[in-house]
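S.K.: If you're matching them up, the sequences are chains B and R in order. First residue of the first sequence? That's 1 in this note's numbering, and the numbers climb one at a time after it. First residue of the second sequence? That's 1 in this note's numbering, and the numbers climb one at a time after it. We put the CB at the ideal spot given by N, CA and C, even for glycine. Computed from a predicted structure; not experimentally measured. Questions regarding the structure given below will be posed in turn.
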Amino acid sequence: MERNFIKELDDLKMTLLNMAALTHRAFGKATQAYLKRDETLARTVIAGDREINNLELKIDQIVLKLLALEQPMARDLRFILGATKISKELERIADQAVNIAERSLFLCQHPPLAHLPAMEQLIEVTDAMLDAAITSFVEDDTQKAIKLRQMDDIADKHTLEVLQALINNMVKSTPGAEKRILNTQRSIQTIIISRCLERVGDLATNIGEHVAFIVEAINIKHQKIDFE
Amino acid sequence: MEISPKFTARHLDFYYEDFKALDDISITININEVTALIGPSGCGKSTFLRCLNRMNDLISGTRVEGDVRLDGEDIYEKKIDVVSLRRRVGMVFQKPNPFPKTIFENVAYGLRVNGIKDKKVLKDRVEKALKQSALWDEVKDRINDSALGLSGGQQQRLCIARALAVEPDVLLMDEPASSLDPIATQKIEDLIHELKKNFTIIIVTHSMQQAARVSDITAFFYMGKLIETGDTETIFTRPSLKQTEDYITGRFG
Numbered sequence: 001m002e003r004n005f006i007k008e009l010d011d012l013k014m015t016l017l018n019m020a021a022l023t024h025r026a027f028g029k030a031t032q033a034y035l036k037r038d039e040t041l042a043r044t045v046i047a048g049d050r051e052i053n054n055l056e057l058k059i060d061q062i063v064l065k066l067l068a069l070e071q072p073m074a075r076d077l078r079f080i081l082g083a084t085k086i087s088k089e090l091e092r093i094a095d096q097a098v099n100i101a102e103r104s105l106f107l108c109q110h111p112p113l114a115h116l117p118a119m120e121q122l123i124e125v126t127d128a129m130l131d132a133a134i135t136s137f138v139e140d141d142t143q144k145a146i147k148l149r150q151m152d153d154i155a156d157k158h159t160l161e162v163l164q165a166l167i168n169n170m171v172k173s174t175p176g177a178e179k180r181i182l183n184t185q186r187s188i189q190t191i192i193i194s195r196c197l198e199r200v201g202d203l204a205t206n207i208g209e210h211v212a213f214i215v216e217a218i219n220i221k222h223q224k225i226d227f228e
Numbered sequence: 001m002e003i004s005p006k007f008t009a010r011h012l013d014f015y016y017e018d019f020k021a022l023d024d025i026s027i028t029i030n031i032n033e034v035t036a037l038i039g040p041s042g043c044g045k046s047t048f049l050r051c052l053n054r055m056n057d058l059i060s061g062t063r064v065e066g067d068v069r070l071d072g073e074d075i076y077e078k079k080i081d082v083v084s085l086r087r088r089v090g091m092v093f094q095k096p097n098p099f100p101k102t103i104f105e106n107v108a109y110g111l112r113v114n115g116i117k118d119k120k121v122l123k124d125r126v127e128k129a130l131k132q133s134a135l136w137d138e139v140k141d142r143i144n145d146s147a148l149g150l151s152g153g154q155q156q157r158l159c160i161a162r163a164l165a166v167e168p169d170v171l172l173m174d175e176p177a178s179s180l181d182p183i184a185t186q187k188i189e190d191l192i193h194e195l196k197k198n199f200t201i202i203i204v205t206h207s208m209q210q211a212a213r214v215s216d217i218t219a220f221f222y223m224g225k226l227i228e229t230g231d232t233e234t235i236f237t238r239p240s241l242k243q244t245e246d247y248i249t250g251r252f253g
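In structure tokens, the structure reads:
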């Protein structure tokens, strides 16, 4: 007979995976809303955030119950602690997706800025990071989790490139005060989106650190990793 | 600071007739530390505990091979006086077992057996032992009442006082709180924390939480073998062997 505790641990894992899937989808929709200037998609991201928040609350409830009633040990204990931390990171990622969607709604109202290749690269790498973070959790793959650090450096690089391109855009002479204001507004909104993406990269890296803690009982937070 | 060993067991085997209950146990137990022995029923942890003050000698058909040393001295050597060994290595059992005598006489019992007759010495040693076992304040006004009138938790602390009265170095505890309610259990656990300042304690427990709470070192036994030993925090958060992890997370046993 399977212990009830094992079933509850499975339930916790399934809830977390469900939250991860919804968060990843919200992030994907938010970035598509930005790229394709799709207001409807942006609104679905904003509307869907409540479901993710509710899952975070549900995970907190399950964790509290397991800690109080089961006194878990070793890997179970690490998994339960890791699950609360991962759910916090996912909830913050979902908030960043909402932020991206809200900025995209503004940008959809106005003509597009010039094409920004660094922004597309930033979206690509942060999406890959979120995917790697979730996969590392599903597959207990610490190596994948640790490699997120490397990917995060690439994300940071692209964020700086976006910033530089948009600063250049703002300082270049635009005829007419009204156009100048609009140009600055669109540039700042886009910079905010790039900061959200960069933050998603950081949060995905944190998830990788929690996975390493769950699987290997090692703490790689705030530590230099030799990738060689 | 280097921690000195109190007990060392090397390649210890123990047999009940033909049944090998302990298989090649090697472990070092440090002075003034609490070592918890955990493992499923029949794994050999209580047998090992009883090897440490030769309580198994009382069971016929048993045999010991290997080496157990207390302060470097082989306790299975012929010249060893077992009564003196058991004075140095006291024991507390699962169920409180006070004698049907007064509280005073229960604690004084071991002292009288050891030939102490001076009333002042007896009185002082009984008081000291009852204070060490955190029972003095509860019984000082009825020291000549029957010990059987005490609650289960008080009786167990009385048994601890009885063991402490003869001033041992080591205290062996075989599931000392398993018949007690949570409050009495907590008192025993608090007491263990206090006692480890002056005594080396080895405790057998079926409660994983108790082992985690009271011990410095945890040793996991399974089917007569010592599977893993380590500091308690490591054993309960990141044991190195899967077998240990499976046991402490309740996957078997």
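1) Once you ignore the five residues that flank leucine 150 of chain R on each side, which residues in its own chain have a CB closer than 8 angstroms to its CB?
2) Runs of 4 residues minimum, wholly inside the stretch 72-119 of chain B: which ones carry the alpha helix (DSSP H) assignment?
3) What are the residues of the stretch 194-222 of chain R that lie near chain B, defined by any Cβ-Cβ distance shorter than 7 angstroms?
4) Going straight from the alpha carbon of aspartate 74 of chain R to that of glutamate 56 of chain B, what length do you get?
5) Taking only runs of the beta strand (DSSP E) that begin and end inside the stretch 46-132 of chain R, which ones reach a length of at least 3 residues, in chain order?
6) For a test of the three-state rule: what should DSSP assign to isoleucine 218 of chain B, helix, strand or coil?
7) Relative to chain R, which residues along the stretch 69-103 of chain B have a C-beta separation below 9 angstroms, given in chain order?
8) Counting only beta-carbon atoms, is phenylalanine 236 of chain R nearer than 7 angstroms to chain B?
9) Taking any Cβ of chain R, which residues in the stretch 194-228 of chain B have a Cβ under 9 angstroms from it, in chain order?
10) From the DSSP output, in three-state form, read off glutamate 194 of chain R for me.
11) Touch check for the stretch 224-237 of chain R and the stretch 57-75 of chain R: three-plus C-beta pairs under 8 angstroms?
12) Note the first and the last residue of the continuous alpha helix (DSSP H) segment covering glycine 153 of chain R.
13) I'd like to check one pair, lysine 85 of chain B with histidine 210 of chain B: are the Cβ atoms closer than 7 angstroms?
14) Does DSSP classify threonine 174 of chain B as helix, strand or coil?
15) List the residues of chain B whose Cβ lies closer than 7 angstroms to the Cβ of isoleucine 248 of chain R, in chain order.
16) Hey, how far is the Cα of lysine 101 of chain R from the Cα of glutamine 94 of chain R?
17) Beta carbon of glutamate 33 of chain R, beta carbon of isoleucine 217 of chain R: below 7 angstroms?
18) Can you name the residues of chain R whose CB is closer than 9 angstroms to the CB of phenylalanine 106 of chain B?
19) Flag this pair as yes or no: are the beta carbons of alanine 212 of chain R and leucine 37 of chain R separated by less than 7 angstroms?
M.R.: For this structure:
1) Pro98, Ile103, Val139, Leu158
2) 74-108
3) Met208, Gln209
4) 60 angstroms
5) 62-70, 89-92
6) coil
7) Glu70, Gln71, Pro72, Met73, Ala74, Arg75, Asp76, Leu77, Arg78
8) yes
9) Glu216, Ala217, Ile218
10) helix
11) no
12) 152-165
13) yes
14) coil
15) Met73, Ala74
16) 20 angstroms
17) yes
18) Under the 9 angstroms cutoff, chain R gives no residues; its nearest Cβ is about 48 angstroms from phenylalanine 106 of chain B.
19) no
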